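Here's the structure, in structure tokens; my notes come after.
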Amino acid sequence: MRLSTRYLVPLIALFACSSPTTSTPAINSSAGPAGTSVSSPSSLPELAADPREPFLAKAVASLLSEDHLLQRKIDDQVSREAFPKYLEQLDGGKLFLLKEHVAALEADIDHLDDQIEAGDLVLARRGAALLAKRREVVAKVVADVLSKPFDFTKAETLETDAEKRTYAATEDELRDRWRAVLKLQVLERVEQLEELSDALAKKKPTDEDAPARPPEEIPPTFEGKEAKARKELAVRFETRFTRWKDMEPLEPAEMFLNAVASVYDPHTQYLAPAEKENFDIQISGTLEGIGAALGEEDHFIVVRELIPGGASWQQGKLEAGDLILAVAQQGEQPVDITDMPIDKVVKLIRGPKDTTVTLTVKKPDGRVETISIKRDVIKIEASYARGAVLNLGKGHEPMGYIYLPGFYGDTRGASKAPERNATDDVRKLLEVFQKRKLNGVIIDLRGNGGGLLGHARDITGLFIETGPVVQAHAADKKVEVLEDTDPGVAYNGQVVVMVDRFSASASEILAGALQDYQRAIIVGTGPTHGKGTVQALVDLDKLRANPQAASAADSLGVLKLTIQQYFRVDGESTQWRGVVPDVVLPDPASYVDSGERSLFHSIPWSSIAPQPYKVSKHSWTAAQLAEASKKRIDSQPVFKKVEAFSKALKARRDDTVVDLKRDDWVAERKRNKAELDTLDPKLSETKPRVEVTPLEESAAEKTAPKTAGDKNVKKRIDKWREELGRDPWVEESLLVLEDMKKLK
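Our numbering puts the sequence shown at residues 180 to 923.
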């Protein structure tokens, strides 16, 4: 089955399809009651097969083998690599299955390839049925454990990292693990109630940030708070176990197929019909309500990024990397969202403008915080390129600055009024800088996750005369070259491009091209994200003999398939390695595992033949600039604090064993807080060192239609200006620009 472009064109329309009616497939089982011993695979319970399963499995198998970039056949080795991933999806926390259950499932470790090619996903049906039965067992354990007070005077610990745990050997061992897990959750909730009591005592009822919970609801004694925490937790778990019984028909197949797909690369993924809307949410990059892009990480919902100008961005406490544990509407109890589908989480978070939603989040360093956010409509103006003139003061000259949050553009077709696009906005800002005869400009791509490839090419063309910008090749090894054919140059001064580990995709194409042409110096906190692959969405219904006959109820879903890889003009890929900065600055997020390098089975770096291109003329060298920058960084107290703070957060993240004795837990928490408070560089409290003059009503902004939300734009610009003025990474980038001019 060769992939045809006719399957790729109409895929956006798929997101409007309805999901099939939710139902729980019947379980066929010859085994004993849930929780009894399992001696062989044949004794495992098994769900009835969904009628779509045979065609679905064979279609996915064919696409993976024939049309994926790697052209890798599904065989026993793929099966063996996929099985651990399947177990991780089934019970990654090691909180349901026993070792004997894993051993029984493991009998199929060499047969995943046979099952997918035969269209008979036996392991998927057995695993799902077994998990359903085990959840029934654990539900009773949880209810029983939470019915009795915990002993917080007992010295014991809990390993919180599931990867460091093994599957329990007995029911008693599993029960004890659950007891420890629940004990920690109750302890955390009790401390939250303690902090809430203190907050209520200090705040007036009219305070905007005052907690919604009335003070009379918080018991005055520790014993009362502990009982309340257990009761609330019991209700949440009861709800969660009930929700788990509501299984989508293709959910077992989805887990199985994605375990196999993950062996090919982290971005190839099967999306069942019920997940289409979820994917649409993630790929759009925005969520109305709080202005955050969310994703799924193991059993949790994680904040991927904040949308500039959105409610969360303005509020300032929610951050990328935060795990959302619970969501509460104004005046209501929190709803535990662990293991909740992302579409249901979105529905909880969304709401009318000016209403408040409260999120319980876990920070990357392990802290649990409660954050209240007033919902707002995301102002698209804040997602456009914005310019400013920066100056370090006396003895320095002004430089240009462009913040580019994404590579946006017109995707609505010729029949619609044209939208603003990144290339035109950046060009107009550069023309302002050129007219003012500014000798240097910073292009800030930090946090820029990419966007439209054409604009990465076109913005590169604003700095070079003509030439290739990026190469792409598919499994057939045919090379496609995207070139800048416009000889015009919008700006001819010195250029610094700022990047970080969250600069990805189109950002890496722009930064890599300007680095190859030696048209700019790349300044960053380390290698960029390293995503150098292209995915296509394959409508699996289109592969049927009679696709028109397919209804929403029996839809097969879509396969997100990696089909191409990008290469720089020098022949090197941005995949895995990313773009390595010429000048490296301390990384405030070095404790966070991110980027393609941290992902399971990411496609390795490779290279192809370079394209002919003409390097820009200059007298500086990257080595000279890096050496001068390092001398300044080593003498800057703020960067020393950034490094120390990041190391402390990493140490806390790596220390995954938690004390469950209350006195020890509280003491450790206070020590950690005191340490972080001491090391925190507190950039928001520092005096601005950079003079920032935003280009208000600049050429790029004059083309933007005015909206009713314009009065809030000034507020965001003011905040942006203040943060920019305190940004030591921007300050150092300005000094690098000055070095480039001196060496010219």
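Glycine residues also receive a C-beta, built at the ideal position from the N, C-alpha and C atoms.
The model shown is predicted, which means the values in this text are computed figures rather than measured ones.
Do you know how far the Cα of residue j is from the Cα of residue i?
i, j, result
"Glu-548", "Asp-772", "21 Å"
"Glu-352", "Arg-313", "14 Å"
"Phe-586", "Gly-629", "6 Å"
"Ser-929", "Glu-267", "An answer regarding residue 929 cannot be provided, because it is not within the stretch 180 to 923 covered by the chain."
"Thr-418", "His-780", "35 Å"
"Val-621", "Thr-602", "The identity of residue 621 in the sequence shown is Ile, whereas the question assumes Val. Looking at the two C-alpha atoms, the distance is approximately 16 Å."
"Glu-433", "Leu-661", "36 Å"
"Glu-806", "Phe-818", "16 Å"
"Glu-475", "Ala-451", "15 Å"
"Val-758", "Gly-489", "29 Å"
"Lys-404", "Val-239", "52 Å"
"Ser-825", "Arg-832", "11 Å"
"His-446", "Arg-615", "45 Å"
"Asp-897", "Leu-903", "10 Å"
"Ala-715", "Ile-638", "24 Å"
"Arg-698", "Arg-895", "32 Å"
"Trp-492", "Val-605", "23 Å"
"Thr-200", "Arg-231", "In this prediction, Thr-200 scores a pLDDT of 36, lower than 50, which makes its location untrustworthy; the coordinate-derived value is nonetheless stated afterwards. Using only the alpha carbons, I get a separation of about 14 Å."
"Leu-226", "Leu-291", "17 Å"
"Arg-554", "Thr-535", "6 Å"
"Trp-908", "Ile-782", "31 Å"
"Val-442", "Ser-785", "18 Å"
"Asp-299", "Leu-284", "16 Å"
"Ser-551", "Ile-469", "10 Å"
"Val-281", "Arg-304", "15 Å"
"Pro-428", "Val-316", "22 Å"
"Ile-521", "Asp-515", "13 Å"
"Pro-760", "Val-674", "14 Å"
"Ala-472", "Ser-258", "33 Å"
"Ser-209", "Arg-356", "Caution applies to Ser-209, whose pLDDT of 41 falls short of 50 and renders its modelled position unreliable; the model cannot decide the point."
Rounded to whole angstroms, how far is the Cβ of residue i from the Cβ of residue j, which I believe are closer than 8 Å?
i, j, result
"Leu-804", "Ile-700", "6 Å"
"Pro-584", "Asn-618", "Incorrect: roughly 25 Å between the Cβ atoms, too far for contact."
"Val-748", "Pro-647", "5 Å"
"Leu-764", "Ile-812", "7 Å"
"Lys-710", "Ser-734", "No, Lys-710 and Ser-734 are not in contact; Cβ-Cβ is about 29 Å, not under 8 Å."
"Leu-632", "Ile-688", "7 Å"
"Ala-653", "Leu-248", "7 Å"
With 16 as the cutoff for other CB atoms within 10 Å, does residue i come out buried or exposed?
i, result
"Asn-437", "buried"
"Thr-349", "exposed"
"Gly-574", "exposed"
"Val-794", "exposed"
"Gly-510", "exposed"
"His-252", "Note on residue identity: the sequence assigns Lys, not His, to residue 252. Lys-252 should be labelled exposed."
"Asp-856", "exposed"
"Met-919", "buried"
"Lys-796", "exposed"
"Glu-644", "exposed"
"Gln-294", "buried"
"Ala-788", "exposed"
"Ala-887", "Confidence in Ala-887 is poor, its pLDDT being 36 and thus under 50, which makes the residue's placement too unreliable to answer from."
"Phe-401", "exposed"
"Thr-753", "buried"
"Val-836", "exposed"
"Gln-727", "exposed"
"Pro-399", "exposed"
"Lys-861", "exposed"
"Asn-600", "buried"
"Gly-271", "exposed"
"Ala-724", "exposed"
"Phe-458", "Only weak support is given to the placement of Phe-458: the predicted model assigns it a pLDDT of 48, under 50, and the value that follows is read from those uncertain coordinates. Looking at its Cβ environment, which holds 16 or more other Cβ atoms inside 10 Å, Phe-458 is buried."
"Asp-444", "buried"
"Gln-256", "exposed"
"Ala-846", "exposed"
"Arg-850", "exposed"
Using beta carbons (cut-off 8 Å, strictly below), is residue i in contact with chain B?
i, result
"Gly-667", "This model lacks chain B altogether, as it is built from one protein chain only."
- At a cut of 8 Å, does the segment 395 to 413 reach the segment 325 to 338 through at least three beta carbon pairs? yes
- Message: Ignoring anything shorter than 3 residues, give me the beta strand (DSSP E) runs that lie fully in the segment 538 to 588, in order along the chain.
- Response: 547 to 553, 565 to 570 and 578 to 582
- Message: Please give the ranges of any beta strand (DSSP E) in the segment 287 to 340, keeping only runs that are unbroken, at least 3 residues long and fully inside the region.
- Response: 336 to 338
- Query: Do the segment 497 to 512 and the segment 522 to 533 meet, that is, are 3 or more Cβ pairs less than 8 Å apart?
  - Reply: yes
- Which ranges would you report for the beta strand (DSSP E) in the segment 671 to 754 if only whole runs of at least 3 residues count? 673 to 678, 700 to 703, 712 to 718 and 737 to 746
- Message: Please give me, in chain order, every unbroken run of the beta strand (DSSP E) with length at least 3 that falls completely inside the segment 629 to 661.
- Response: 646 to 653
- Query: At what residue ranges does the segment 810 to 876 contain a whole run of the beta strand (DSSP E), taking only runs of 3 or more?
  - Reply: 836 to 838 and 870 to 873
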